[in-house]
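A.B. asks: Mind looking over this structure? Questions follow.
Number of protein chains: 2
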Amino acid sequence: MRQMDVEARRRAAATIRERFLEIVEQMRRGEKPVLVMPKRTLSNTIYDVRRRMLLLGPDKIKRSFLDLGEARRFMQTLLMASIIYEALVNDEYPTIRDLYYRGKHTLRGRENTWDTQRESDAAIRDVESYTGLLREEMLILSKEKGKVVGRMRIRSGGDVIDLSRMGHGAYSIEPTPDQIEFLDIDAEYVLVIEKDAVFQQLHRIKFWDKHKALLITSAGQPDRATRRFVRRLSDELGLPVYILTDSDPYGFYIYSVFKIGSVTLSYESERLATPDAKFIGVMPSDIFGDEVLEKYADAFAKLLGKRGLRKILTGKKPVLSAGERRNYIIRAKPSDVMRAIELVGVDTYAPFRKYVESKLRVGGKELRELRRKEHAGYDWFKTPEWIREIGIFFATLSKLEIEALTSRGLRFLAHKYIPEKIETGDWIE
Amino acid sequence: MRQMDVEARRRAAATIRERFLEIVEQMRRGEKPVLVMPKRTLSNTIYDVRRRMLLLGPDKIKRSFLDLGEARRFMQTLLMASIIYEALVNDEYPTIRDLYYRGKHTLRGRENTWDTQRESDAAIRDVESYTGLLREEMLILSKEKGKVVGRMRIRSGGDVIDLSRMGHGAYSIEPTPDQIEFLDIDAEYVLVIEKDAVFQQLHRIKFWDKHKALLITSAGQPDRATRRFVRRLSDELGLPVYILTDSDPYGFYIYSVFKIGSVTLSYESERLATPDAKFIGVMPSDIFGDEVLEKYADAFAKLLGKRGLRKILTGKKPVLSAGERRNYIIRAKPSDVMRAIELVGVDTYAPFRKYVESKLRVGGKELRELRRKEHAGYDWFKTPEWIREIGIFFATLSKLEIEALTSRGLRFLAHKYIPEKIETGDWIE
Chain A
1 MRQMDVEARR
11 RAAATIRERF
21 LEIVEQMRRG
31 EKPVLVMPKR
41 TLSNTIYDVR
51 RRMLLLGPDK
61 IKRSFLDLGE
71 ARRFMQTLLM
81 ASIIYEALVN
91 DEYPTIRDLY
101 YRGKHTLRGR
111 ENTWDTQRES
121 DAAIRDVESY
131 TGLLREEMLI
141 LSKEKGKVVG
151 RMRIRSGGDV
161 IDLSRMGHGA
171 YSIEPTPDQI
181 EFLDIDAEYV
191 LVIEKDAVFQ
201 QLHRIKFWDK
211 HKALLITSAG
221 QPDRATRRFV
231 RRLSDELGLP
241 VYILTDSDPY
251 GFYIYSVFKI
261 GSVTLSYESE
271 RLATPDAKFI
281 GVMPSDIFGD
291 EVLEKYADAF
301 AKLLGKRGLR
311 KILTGKKPVL
321 SAGERRNYII
331 RAKPSDVMRA
341 IELVGVDTYA
351 PFRKYVESKL
361 RVGGKELREL
371 RRKEHAGYDW
381 FKTPEWIREI
391 GIFFATLSKL
401 EIEALTSRGL
411 RFLAHKYIPE
421 KIETGDWIE
Chain B
1001 MRQMDVEARR
1011 RAAATIRERF
1021 LEIVEQMRRG
1031 EKPVLVMPKR
1041 TLSNTIYDVR
1051 RRMLLLGPDK
1061 IKRSFLDLGE
1071 ARRFMQTLLM
1081 ASIIYEALVN
1091 DEYPTIRDLY
1101 YRGKHTLRGR
1111 ENTWDTQRES
1121 DAAIRDVESY
1131 TGLLREEMLI
1141 LSKEKGKVVG
1151 RMRIRSGGDV
1161 IDLSRMGHGA
1171 YSIEPTPDQI
1181 EFLDIDAEYV
1191 LVIEKDAVFQ
1201 QLHRIKFWDK
1211 HKALLITSAG
1221 QPDRATRRFV
1231 RRLSDELGLP
1241 VYILTDSDPY
1251 GFYIYSVFKI
1261 GSVTLSYESE
1271 RLATPDAKFI
1281 GVMPSDIFGD
1291 EVLEKYADAF
1301 AKLLGKRGLR
1311 KILTGKKPVL
1321 SAGERRNYII
1331 RAKPSDVMRA
1341 IELVGVDTYA
1351 PFRKYVESKL
1361 RVGGKELREL
1371 RRKEHAGYDW
1381 FKTPEWIREI
1391 GIFFATLSKL
1401 EIEALTSRGL
1411 RFLAHKYIPE
1421 KIETGDWIE
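So the sequences go chain by chain: A and B. Position one of the first sequence corresponds to residue 1 (our numbering), numbered consecutively onward. Position one of the second sequence corresponds to residue 1001 (our numbering), numbered consecutively onward.
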């Protein structure tokens, strides 16, 4: 048993004990037992402009044991807390899946404690937000996809690991990244890549060595450990973090999860989000330069004003020729458009709507739904730069994968595209 | 540029050159250009009983440039070979996705070289089977999910990596595992785990240290690099390989891919399959012991004879109590049953059919399809032991995840279930 885990167990168990003793106290005093915790709904999710991350607002919920409608959730939360507590004091390392199994049983032969992992996961989130402990701090493990290589040494679980000596393989980030100790670092920035295969390519030519970078892949939608690891690199070492994804609304959203947090799980953002993360590409404006902005000047002027339009002109030359574009661009699907509308809101979509709907059958029902909710988009996507990028997406219905850039030679991506964007500051905050 | 890659490039480029020079020679001799290569169809896929793996049979196909129906595929194969050759001599590390992009263009403004990655991937397979080079040998990279920790040191890309000093993280296996050099090893066996989260749990308690094991996860369906890495550990170091998956037809199939190869890509098996791999669990007979065999004695006797039935009795006590089973078992879906029928064939399914169909709506059309093709199942699943296990599955329609075992304490899985199965030889070859 390593010392760090022993201490983590002691801390987490003490916190759980202390917080749930309050319930016992309530009962002792003859009060009805009530759990008070932050309300984890979209309406209580607030984008904190100053801290630039999604946080829970001030609303609380009370969950009472004696209320018929709440008794089940109350019971589930307490059951989960006790299972996690047991696991902590018994030196266990449960996963969220096995917490589901540990708690699953039938009460008095009639009702199940929970029926699906959805319910047990919600109970874990209850315990997290009631105690203020992240599940990683309670030594709950999970599968991990994130990898890292670069000029840095770390200490984890008593071992010193040199991330520049991983051969052609990589270091797979641990499930409890708060326990990692940063020993010494000789890197100037962090490059996070959505695609594992592109990570492999850049690693193989030792991009990180030549450009003094830490190279990370999230292998798609990032898991919590990867997000926490990136956040710590930004916070504690002050390294700039650049994020490279496919040029499509799904990729833009991955960037947003790194930077701001997940819209549905905002209580974790405080420790998982990296507000300083920068999106370096692939940008729609990399593909098209100013061409589309000029062609759709009216639409963009409507959104940003004439002066605003002039400000978002990039002066960039497209990185792809017209012929390459013809071969490499993937046509957007209605689901991509819907996702883009979610990011920037229906108002930003409006000037492009006619064009888009003449080209694609954008889901009528879902779109009505977005309008009905007056889906205004996310504040952090309503900057002139993002309106430019997503506007170009609407106007061209074009997506591009990072791999389309490597197809013209890995050197182009590694030694021109990425370094030039970083050098000239061609990113979006 | 590392020496190993330089040599790999030289070798692969020379082979491609030599093989495709034959086409040029044909033309010089005034013959019509023809590619002759092994036929990669199911009908030409043979289970080699002696070598215990799927191999391509003796059938060849001829692909002629002057045949209208074949000209497109001929062109695609040659185009792909030339792109790969270019990449080799230009020190590139393409991925299969960017090979798709590299080759994608429109011929004479009318026909595309290929429309989907499906077609370009088929062309890569053509080049692989025509030249006898695996894509890894041509330095084509891909995303990788496999991880390893344990008492072993390896050399990769010039670095020496100690797989027992990975902290709480792990070593992510490289895309070209043939370049790994095994330096020294102090492990007695290899344990491959389907689920990454369970791998994390066993790693965290240093299972590999106490039990002198190499711990590997495929994180689901294994990729080629993980399969090749496991094969090399078996072949070159003579280590026994045990495979632990969920107890369901999908898990059994993962085992089969490690051991025998992929049914649709049998030409790779020769280098990727591990014929000595053993399935240690989770077995349906671990969950139910002999209870089901006795209850369905008639059905099993019909399949194996009375003496056969006696032989497959295990004498095992179920690892789960009746109460635990009630809580942990997941009910099979029709798609699970279909997959199981694919493994053992319609004949083995027959005695259980009435029961299964009374409980589940097993897909009528698909089932008719399997019958029409007289789907006989795979030879390597038609052993008494597999008929026992999959028979129990049919008779109980029960699936179990590995996590259901860890829910009764990680120690049970780590220090009892796995070591006892290995010690008593309770596995299936």
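By construction, the Cβ of each residue, glycine as well, lies at the ideal position given by its N, Cα and C atoms.
#1: For chain A, is any of its Cβ atoms less than 7 Å away from the one on residue 1116 (chain B)?
#2: Relative to chain B, which residues along the segment 245 to 258 of chain A have a C-beta separation below 9 Å, given in chain order?
#3: Does residue 1219 (chain B) pass the burial test, meaning 16 or more other C-beta atoms within 10 Å, or should it be called exposed?
#4: In the segment 1176 to 1187 of chain B, which residues sit with their C-beta less than 7 Å from some C-beta in chain A, listed in chain order?
#5: Kindly confirm or deny that the segment 1197 to 1213 of chain B and the segment 132 to 148 of chain A touch, where touching means at least three C-beta pairs closer than 8 Å.
#6: Output the distance between the C-alpha atoms of residue 1426 (chain B) and residue 1385 (chain B), rounded to the nearest integer angstrom.
#7: Ends of the beta strand (DSSP E) at residue 1058 (chain B)?
#8: Considering only residues of the same chain and omitting the five flanking positions on each side of residue 1161 (chain B), which have a CB-CB separation below 8 Å?
#9: Going by DSSP, what residue range makes up the beta strand (DSSP E) through residue 459 (chain A)?
#10: Which parts of the segment 1039 to 1121 of chain B are runs of the beta strand (DSSP E), unbroken and 3 residues or longer, counting only runs that do not cross its ends?
#11: Check each residue of the segment 277 to 290 of chain A: if its Cβ is closer than 7 Å to any Cβ of chain B, include it; give the result in chain order.
#12: Tell me which residues share the same chain as residue 1123 (chain B) and place their Cβ nearer than 6 Å to its Cβ, disregarding the 5 neighbours each side in the sequence.
#13: Got a sec, what are the start and stop residues for the beta strand (DSSP E) residue 213 (chain A) sits in?
#14: Just checking: is the beta-carbon of residue 1147 (chain B) within a distance shorter than 7 Å of some beta-carbon in chain A?
#15: Quick one, which of A:422, A:9, A:167 has its alpha-carbon nearest residue 1003 (chain B)'s?
#16: Under the three-state reduction of DSSP, which class applies to residue 1347 (chain B): helix, strand or coil?
#17: According to DSSP, residue 1230 (chain B) sits in a beta bridge with which residue or residues?
#18: Per DSSP, which one or two residues make a beta bridge with residue 36 (chain A)?
#19: Expressed to the nearest angstrom, what Euclidean distance is found between the alpha-carbon atoms of residue 281 (chain A) and residue 255 (chain A)?
#20: Give the single residue among B:1263, B:1406, B:1274 whose Cα lies nearest to the Cα of residue 1057 (chain B).
#21: Roughly how many whole angstroms lie between the Cα atoms of residue 73 (chain A) and residue 87 (chain A)?
#22: Name the chain B residues that come within less than 7 Å of residue 406 (chain A), Cβ to Cβ?
#23: Under three-state DSSP, which class holds residue 248 (chain A)?
#24: Taking C-beta to C-beta, are residue 1392 (chain B) and residue 1195 (chain B) nearer than 7 Å?
#25: Checking 7 Å against the spacing of the C-beta atoms, do residue 1169 (chain B) and residue 291 (chain A) come in under that value?
#26: Grab the span of the beta strand (DSSP E) containing residue 1160 (chain B) for me, first residue to last.
#27: Would a check of beta-carbon distances place residue 1417 (chain B) closer than 7 Å to chain A?
#28: Pairing CB atoms from the segment 1295 to 1303 of chain B with CB atoms from the segment 1200 to 1215 of chain B, are three or more of them under 8 Å?
#29: To the nearest angstrom, how far is the alpha carbon of residue 63 (chain A) from that of residue 32 (chain A)?
#30: Since residue 1330 (chain B) meets chain A, which of its residues come closer than 7 Å, beta carbon to beta carbon?
#31: Of all Cβ atoms in chain A, is any one closer than 7 Å to the Cβ of residue 1173 (chain B)?
#32: What's the C-alpha gap between residue 1165 (chain B) and residue 1185 (chain B)?
#33: Residue 1181 (chain B) by DSSP, collapsed to three states: which one?
#34: Compare the C-alpha of residue 294 (chain A) against each of A:418, A:313, A:276 and name the closest.
#35: Would residue 26 (chain A) count as contacting chain B if we go by Cβ distances under 7 Å?
#36: To the nearest angstrom, report how far apart residue 1390 (chain B) and residue 1327 (chain B) are at their CA atoms.
C.D. replies: Taking the structure as given:
#1: no
#2: none
#3: buried
#4: 1176, 1179
#5: yes
#6: 11 Å
#7: It is not in any beta strand (DSSP E) - residue 1058 (chain B) carries neither H nor E in the DSSP assignment.
#8: 1153, 1154, 1155, 1171
#9: Outside the displayed span of chain A (1 to 429) sits residue 459 (chain A), for which this structure offers no information.
#10: If only complete runs of 3 or more residues are kept, the segment 1039 to 1121 of chain B shows the beta strand (DSSP E) at 1045 to 1048, 1053 to 1056, 1060 to 1064, in order along the chain.
#11: none
#12: 1076, 1077, 1080
#13: In this chain, the beta strand (DSSP E) harbouring residue 213 (chain A) covers 213 to 217.
#14: yes
#15: A:167
#16: Here residue 1347 (chain B) carries a helix assignment [DSSP, helix/strand/coil].
#17: According to DSSP, which records beta bridges pairwise, residue 1230 (chain B) is partnered with nothing at all.
#18: Residue 36 (chain A) is bridged to A:62.
#19: If you draw a straight line from the Cα of residue 281 (chain A) to the Cα of residue 255 (chain A), it comes to about 10 Å.
#20: B:1263
#21: 21 Å
#22: 1098
#23: coil
#24: no
#25: No, these two residues do not count as a Cβ contact at 7 Å.
#26: 1159 to 1162
#27: no
#28: no
#29: 11 Å
#30: Per Cβ cutoff of 7 Å: no residues; residue 1330 (chain B) is ~10 Å from chain A at best.
#31: yes
#32: One alpha carbon belongs to residue 1165 (chain B), the other to residue 1185 (chain B), and they sit about 13 Å apart.
#33: strand
#34: Selected option, being the one with the closest Cα: A:313.
#35: no
#36: Near 21 Å, if we compare the C-alpha coordinates of residue 1327 (chain B) and residue 1390 (chain B).
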